[in-house]
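Report on the following structure.
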Amino acid sequence: MSERGLLIVLSGPSGVGKGTVRKAIFERDDNDFQYSVSMTTRQQRPGEVEGVDYYFRSREEFEALIEAGEMLEYAEYVGNYYGTPLSYVRQTLDQGKDVFLEIEVQGAKQVKDKVPDGVFIFLTPPDLAELRSRITGRGTDSAEVIDERMRVAREEIEMMALYDYAVVNDEVPKAVDRIREIISSEHFRVDRVIGTYIKMLEEL
Ligand code: 5GP
1 MSERGLLIVL
11 SGPSGVGKGT
21 VRKAIFERDD
31 NDFQYSVSMT
41 TRQQRPGEVE
51 GVDYYFRSRE
61 EFEALIEAGE
71 MLEYAEYVGN
81 YYGTPLSYVR
91 QTLDQGKDVF
101 LEIEVQGAKQ
111 VKDKVPDGVF
121 IFLTPPDLAE
131 LRSRITGRGT
141 DSAEVIDERM
151 RVAREEIEMM
161 ALYDYAVVND
171 EVPKAVDRIR
181 EIISSEHFRV
191 DRVIGTYIKM
201 LEEL
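Residue 196 in UniProt numbering sits at position 196 of the sequence shown, and the numbers go up by one each step.
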């Protein structure tokens, strides 16, 4: 019996550690998720590999793909476009594999509208005070900059209501375990499997 794969969306406020948790998930030996490599117009950082970390594209190329309807979602974040190419996601889900997106909150909202049966996981800091220390701990920014980051983070946390699960990122391995448990259980939901059983009955 082949089921369609699950679309898993990991998002959350900036600075919460989405990228770190995502990398830790994919470093597990028995990881079964397929990572959807995002496209971005930002500069490639040292050590980043084209097609592995991101597809690095010009603004013109990115905008042409938006126009052509080839992005599942996209957002502008700190002056650059980030987005999820649609074709990989579609093909991989059709093959019955689970596709994993790690994206910021504006993009996650678009995916929720388009693919409501995805699994939406919101990564949270242990508490706002902890988030504040992470935000201030990044460098020697002014109080205004820090307050602005806090305001943005508060807004993002309010967006949690759109998600199915909230996973606390207190320790990365624990957050990874929680996410894997969520996905295992999601596969057993009746609404995900009943279609297969009904089809089987019809074919008897
Ligand atoms: P960075 O530039 O540090 O790699 O990523 C910046 C932010 O962009 C992170 O919050 C990351 O989750 C988000 N991001 C990465 N890929 C995508 C994408 O395809 N779509 C959206 N909406 N955000 C993304």
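Where is the CB? At the ideal position from N, CA and C, for every residue including glycine.
DSSP places Val-115 outside both helix and strand once states are collapsed to three, so it counts as coil. In chain order, Val-21, Val-167, Asn-169 place their CB closer than 6 Å to the CB of Ala-175, counting only its own chain and leaving out the 5 sequence neighbours on each side.
In this structure, the straight-line span from the alpha carbon of Arg-90 to that of Glu-144 is close to 43 Å. The region 40-116 is shown to contain whole beta strand (DSSP E) runs of 3 or more residues at 54-56, 71-77, 80-85, 99-102, in chain order. Shown here, Leu-6 sits in coil according to DSSP, grouped into three states, outside any helix or strand. Excluding five sequence positions before and after Thr-92, the CB atoms of its chain that fall closer than 7 Å to its own CB belong to Gly-5, Gln-34, Val-99, given in chain order.
Counting only residues of its own chain and dropping the five nearest sequence neighbours on each side, Met-159 has a CB closer than 6 Å to the CB of Val-105.
Under the 10 Å beta carbon count, Met-200 is surrounded by fewer than 16 other beta carbons and is classified as exposed. For Lys-23 and Glu-202, the gap between their C-alpha atoms comes out near 42 Å. Val-167 is bridged by DSSP to Leu-123. Between the ligand 5GP and the CB of Ala-75, the shortest heavy atom gap is smaller than 7 Å. In its chain, beyond the 5 residues on either side, Asn-169 have a beta carbon closer than 6 Å to the beta carbon of Gly-17.
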